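Input: a single structure, listed below in structure tokens.
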Amino acid sequence: ELGEVDFTDNADVLNLVEGRLGIFAVLNEECVRPNGNDASFVSKVKTMNKDVGCLVSEKLHRPNEFAIRHYAGAVTYDATMFV
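Oh and the sequence shown: position 53 is 1155 in this note's numbering, straight run, nothing missing.
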């Protein structure tokens, strides 16, 4: 007999990554811009998703860094060479 399995709903994280204004959409847009760059990409992600609870925007982050809080805690990403 199998007991009940608990799981964390990651819909907010998935929307941040794959949504209309999510990370992939912003990255795609930044890659086709003639002067697109990593710092601009991160800035846009943080600005466009400032009200999303799972996006962590620390003042101590470098211009190319952002973090996502999910079931494993906050994970910081370095977007150097993303664009």
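C-beta atoms are modelled at their ideal positions from N, C-alpha and C, and glycine is treated no differently.
Nothing here was measured: the structure is a model prediction, and the numbers come from that model.
- Our two residues, D1140 and A1181, have alpha carbons roughly 6 Å apart in a direct line.
- Taking the Cβ atoms as the reference, K1146 lies roughly 13 Å from V1134, outside the contact range of under 8 Å.
- In terms of CA proximity to F1109, H1172 leads the group Y1179, H1172, M1183.
- Our two residues, L1162 and F1168, have alpha carbons roughly 10 Å apart in a direct line.
- A residue is called buried once 16 or more other Cβ atoms fall within 10 Å of its Cβ, and G1155, having fewer, is exposed.
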